[in-house]
Amino acid sequence: MGRSRPRRDAGPDSSDELGLRRDDSRPSVGTVLSALVPRAVARRAISVSVTTDRDVYERDTPVEITVDFKNRLPVAVELPTPGQRRWGWTVDGHLEASDERLYTRERPATFDFRGGERKHVSVTWHGRLERVRTGTRRESVVPAPGEYEIRAFVATDETGSRPSDSTTIILR
16 MGRSRPRRDA GPDSSDELGL RRDDSRPSVG TVLSALVPRA VARRAISVSV
66 TTDRDVYERD TPVEITVDFK NRLPVAVELP TPGQRRWGWT VDGHLEASDE
116 RLYTRERPAT FDFRGGERKH VSVTWHGRLE RVRTGTRRES VVPAPGEYEI
166 RAFVATDETG SRPSDSTTII LR
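Numbering (this note's numbering), first residue to last: 16 to 187.
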């Protein structure tokens, strides 16, 4: 499946979940101010944009998906997530184009943005839907021709109000 794997560099600086390096060795004014931004405001401050490299694809063809996150505020914000998943993507509502339950650690996390920060990530959906059949048997299915919604989202626990965006592709 088309899961993104950020590159992490070794060294004294930490990297965020998308592999962007940052120096967290001392608190900044922005860090202090981010604690004052209410969660509801932080959720609305983050915009999500999802695009694909084309609008129409032949069936069983890889789809390049690009997701951009942007903090529209000039101060840092933290979006709490109930688990280690900070963001995700779906095809017609199926997480990472699969009906298999994907597990992430239950430990809460945050999706952090500096003031005005943009984060950019690309994933490839291989053009198939993963299906779990009886027991642990899985199969990879070529979807029928038609329209499919690709959605990217921030994995907050407020499903209805979490930052997200979608686009539609056509498989023929």
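Each residue gets a CB set at the ideal place from its N, CA and C atoms; glycine is no exception.
- prompt: From Val90 to Glu132, what distance separates their C-alpha atoms?
  reply: 9 angstroms
- prompt: Per DSSP, which one or two residues make a beta bridge with Ala167?
  reply: Trp104, Asp180
field: Contact under 8 angstroms by Cβ, Tyr72 with Val78
entry: yes
field: Whole-number beta carbon distance between Arg101 and Phe126, since they are thought to touch under 8 angstroms
entry: 4 angstroms
message: By DSSP's criteria, Gly161 is part of a beta bridge. Which residues make up the other side?
response: Leu186
message: For Ile272, which residues in the same chain have their Cβ closer than 8 angstroms to its Cβ, ignoring the five residues on either side in sequence?
response: Shown here, the chain extends from 16 to 187; a query on residue 272 therefore has no answer.
- request: Tell me, please, which residues DSSP counts as bridged to Asp83.
  value: Ser64, His135
Closest Cα partner of Ser179 within the set Val82, Glu121, Thr76: Val82
task: Could you tell me the distance, in whole angstroms, from the CA atom of Glu162 to the CA atom of Arg187?
output: 9 angstroms
task: Sort Lys85, Pro95, Thr76, Asp75 by Cα distance to Ile61 and report the nearest one.
output: Lys85
field: Exposed unless 16 or more other CB atoms sit within 10 angstroms - verdict on Val56
entry: exposed
message: Let me check one thing: in DSSP terms, what residues is Ala55 bridge-paired to?
response: DSSP, once it has assigned bridges, lists no residue as partnering Ala55.
First through last residue of the beta strand (DSSP E) which encompasses Arg69: Note, Arg69: premise wrong, no beta strand (DSSP E); not H, not E.
- request: Could you tell me whether the Cβ atoms of Leu94 and Arg122 are closer together than 8 angstroms?
  value: no
- prompt: What is the DSSP secondary structure of Asp75, reduced to helix, strand or coil?
  reply: coil
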